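Protein chains in written order, with this note's numbering: chain E, 1 to 85; chain C, 1 to 391. All C-beta atoms in this analysis are idealised placements derived from N, C-alpha and C, irrespective of residue type, glycine included. Only a predicted model underlies this, so the values are computations on that prediction, with no experimental measurement involved. Each remark here refers to the structure printed beneath this line.
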Amino acid sequence: MATDTTILRVAEVMIDELKLEDVTPDTFSPDIDLVDEVGIDSMDLATVALVIQDEYGIRIDEDDYTKLTTVRRIADYIETKKMAA
Amino acid sequence: MSSDGAALNKAIIEMRIHKRTPDAGGARNPTGPAEAPPEKTWKFSEILAHPDIRERWERVRKYFFLRESTYDMTRRCNIRCDGCYYYEGEKQFAEDNRNPDDWRRLMAGEKARGITFVVLAGAEPSLVPELCEVCYGEIPLGAVATNGLKRLPDAVGYRIHVSVWGNDATSERVRNAKNMLDRQIDNYRGDDRAVFIYTFTRHNIDEAGGVVKRLADAGCRVSFNMFSAPVGYGGDLRHTDASLARTRETMVDLLARYPETVLFSHYSAAAHTHGRGLHDLYGCSYPRMNPSTDVGLGRSFRQYRSDLTWDRDAACCVPDTDCPDCRHYAAGSAVVTARLFRHAVDPDTFAAWLDYVDTYLAVWVKGYEKGANLRDWFVAPPGAPGVETPG
Chain E
1 MATDTTILRV AEVMIDELKL EDVTPDTFSP DIDLVDEVGI DSMDLATVAL
51 VIQDEYGIRI DEDDYTKLTT VRRIADYIET KKMAA
Chain C
1 MSSDGAALNK AIIEMRIHKR TPDAGGARNP TGPAEAPPEK TWKFSEILAH
51 PDIRERWERV RKYFFLREST YDMTRRCNIR CDGCYYYEGE KQFAEDNRNP
101 DDWRRLMAGE KARGITFVVL AGAEPSLVPE LCEVCYGEIP LGAVATNGLK
151 RLPDAVGYRI HVSVWGNDAT SERVRNAKNM LDRQIDNYRG DDRAVFIYTF
201 TRHNIDEAGG VVKRLADAGC RVSFNMFSAP VGYGGDLRHT DASLARTRET
251 MVDLLARYPE TVLFSHYSAA AHTHGRGLHD LYGCSYPRMN PSTDVGLGRS
301 FRQYRSDLTW DRDAACCVPD TDCPDCRHYA AGSAVVTARL FRHAVDPDTF
351 AAWLDYVDTY LAVWVKGYEK GANLRDWFVA PPGAPGVETP G
């Protein structure tokens with residue numbers, strides 16, 4: 001399970017990179033579907049994945065990032081990768 | 001242009017990973033990536049630290065909202081071309097729906113499900129201009145694929161792709177239409193909607209120079225396509241290793257000679273003339289070859305027939321193409337572009353991808369002006385052998 005710190009940071013990356021308006025890291029629901037409910041597409045997810053890789057020093061598999069469609073899933077993925085490292 | 005066919009063939013057969021010499025890299029790219037050790041793992045932020053890359057990245061990413069689907073507008077055409085994709089498979093037998101209200105409802109539904117870019121195609125959209133206008137009224141971003149013999153009215157404000165398959169003699173033989181280029185130019189000279197699309201077959205490579213010169217003299221713009229065999233195609237237009245190499249050489253030669261006319265890049269040439277087809281190189285994203293319904297084209301793309309039905313199993317940008325032979329410009333525009341993540345491995349590869357995306361946007365989106373290419377040499381597709389600069 002991801003920590004609140006990771007969840008907040010992922011939300012912050014989403015907001016900054018995708019220039020999302022009317023939302024803050026604190027109000028960004030970690031379980032909202034980024035594709036169906038926020039309107040994010042595969043290029044956006046790829047961009048976020050690249051920034052997350054940089055920040056956490058992990059390697060995201062190309063086949064994985066399109067499945068990371070909530071902030072919580074991204075945060076969980078980060079934690080799993082960090083533990084495996 | 002080099003005529004050393006033996007050297008070209010050798011380069012293709014060997015398919016060595018392209019490595020630039022220090023001189024070439026240093027002279028072309030003073031910011032440093034050419035000198036970096038090949039095993040370095042680049043952070044995305046380090047790649048974007050190059051100002052030219054950052055500027056181009058910020059420019060193209062504004063268009064990431066584009067989500068396409070394609071629409072056959074009518075089963076009718078005013079010519080018959082050898083190797084035509086439309087008259088293959090089941091779609092040619094769909095009845096025409098010419099009811100503007102039905103088309104308007106379709107487009108409204110497409111917009112509601114997130115489609116922001118439409119491609120109006122098969123068989124010949126200019127024969128139903130009133131339906132094209134209806135589409136434009138609902139979704140104002142898109143492109144029309146036409147043979148250019150009948151001018152689309154100004155009210156259809158899409159990008160217009162005018163297909164060219166060689167010089168007039170070849171067009172008459174393959175497409176059964178006389179004076180085709182003159183008629184196409186007469187219809188679209190000075191029209192900022194138009195981009196001519198020259199399709200290279202095995203046999204018209206040497207004609208491209210003359211055609212591009214005529215287009216340049218007329219102030220028209222041109223980009224390049226590759227003949228890709230329809231399923232079951234038995235004709236002789238299919239490319240060989242040698243014709244791929246000669247096409248690649250011709251593409252970059254014309255790009256250098258007519259930079260104001262030719263919308264293309266070295267990476268576009270490398271991707272579309274590689275010995276391996278687009279699906280093998282990049283993994284096609286269209287539903288026909290991509291069973292995934294995760295976010296992306298596998299989820300959102302539809303290819304509507306002229307009766308407004310669609311079939312997920314057949315849906316791709318040029319249905320009934322023989323997928324292993326596919327090097328279509330339309331396919332690459334989505335398939336290569338979608339591989340952002342894969343190309344963000346080093347500055348050269350990412351810059352080459354940006355050149356590709358910049359080209360794609362200039363070719364497909366009216367009003368987008370192409371920038372100068374960032375890499376004027378061949379960069380290898382990620383994970384694949386590269387191509388050599390010929391000669």
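To the nearest angstrom, report how far apart residue i and residue j are at their CA atoms.
i: residue 336(C); j: residue 282(C); result: 7 Å
i: residue 235(C); j: residue 331(C); result: 22 Å
i: residue 166(C); j: residue 317(C); result: 23 Å
i: residue 133(C); j: residue 295(C); result: 30 Å
i: residue 88(C); j: residue 175(C); result: 16 Å
i: residue 153(C); j: residue 82(E); result: 58 Å
i: residue 64(E); j: residue 53(E); result: 13 Å
i: residue 41(E); j: residue 177(C); result: 43 Å
i: residue 20(E); j: residue 220(C); result: 39 Å
i: residue 55(E); j: residue 78(E); result: 10 Å
i: residue 193(C); j: residue 142(C); result: 11 Å
i: residue 23(E); j: residue 139(C); result: 28 Å
i: residue 182(C); j: residue 210(C); result: 13 Å
i: residue 9(E); j: residue 50(C); result: 26 Å
i: residue 6(E); j: residue 382(C); result: 31 Å
i: residue 70(E); j: residue 297(C); result: 19 Å
i: residue 126(C); j: residue 54(C); result: 40 Å
Cβ closer than 8 Å: which chain C residues qualify as neighbours of residue i?
i: residue 45(E); result: 295
i: residue 54(E); result: 43, 44 and 45
i: residue 70(E); result: Those within 8 Å of residue 70(E) in chain C number zero; the least Cβ separation is about 12 Å.
How would you label residue i, buried or exposed, when you count the other beta carbons within 10 angstroms and need 16 or more for buried?
i: residue 119(C); result: buried
i: residue 290(C); result: buried
i: residue 301(C); result: buried
i: residue 44(C); result: buried
i: residue 40(C); result: exposed
i: residue 159(C); result: buried
i: residue 29(E); result: exposed
i: residue 179(C); result: exposed
i: residue 370(C); result: buried
i: residue 148(C); result: buried
i: residue 287(C); result: buried
i: residue 14(E); result: buried
Listing by chain order, which chain C residues have their CB less than 9 Å from the CB of residue i?
i: residue 51(E); result: 44 and 45
Quick one: grab the DSSP three-state call for residue i.
i: residue 199(C); result: strand
i: residue 72(C); result: strand
i: residue 10(E); result: helix
i: residue 1(E); result: coil
i: residue 304(C); result: strand
i: residue 27(C); result: The predicted position of residue 27(C) is uncertain, since its pLDDT is 35 and thus under 50; a value taken from the coordinates is nonetheless stated next. In the structure shown, residue 27(C) sits in a helix (DSSP, three-state: H, G or I).
i: residue 239(C); result: coil
i: residue 404(C); result: Residue 404(C) lies beyond the stretch modelled for chain C, which goes from 1 to 391, so this question has no answer here.
i: residue 119(C); result: strand
i: residue 265(C); result: coil
Counting only Cβ pairs nearer than 7 Å, list the residues of chain C close to residue i.
i: residue 66(E); result: 294, 295 and 296
i: residue 123(E); result: Outside the modelled stretch of chain E, which goes from 1 to 85, sits residue 123(E), for which no answer is possible.
Which residues of chain E have a Cβ atom closer than 7 Å to the Cβ of residue i, listed in chain order?
i: residue 112(C); result: Under the 7 Å cutoff, chain E gives no residues; its nearest Cβ is about 12 Å from residue 112(C).
i: residue 338(C); result: 42
i: residue 341(C); result: 46, 49, 50, 62 and 65
Is residue i near the ligand HEM, in the sense that its beta carbon is under 8 Å from a heavy atom of that ligand?
i: residue 131(C); result: The ligand HEM is not among the ligands present in this structure, which contains no ligands whatsoever.
Applying a beta-carbon distance threshold of less than 8 Å, which residues of chain E neighbour residue i?
i: residue 246(C); result: Here the premise fails: no neighbours, minimum Cβ distance about 33 Å.
Problem set entry | Any 3 or more C-beta pairs closer than 8 Å across the segment 109 to 125 of chain C and the segment 62 to 82 of chain C | In short, these stretches touch, since the Cβ pair count reaches three.
Exercise. For the segment 375 to 382 of chain C against the segment 202 to 210 of chain C, are there 3 or more C-beta pairs whose distance is under 8 Å?
Worked result: Contact between the segment 375 to 382 of chain C and the segment 202 to 210 of chain C is absent: fewer than three C-beta pairs spanning the two stretches fall below 8 Å.
Exercise. Between the segment 61 to 72 of chain C and the segment 34 to 51 of chain E, are three or more C-beta pairs nearer than 8 Å?
Worked result: Yes, the segment 61 to 72 of chain C touches the segment 34 to 51 of chain E.
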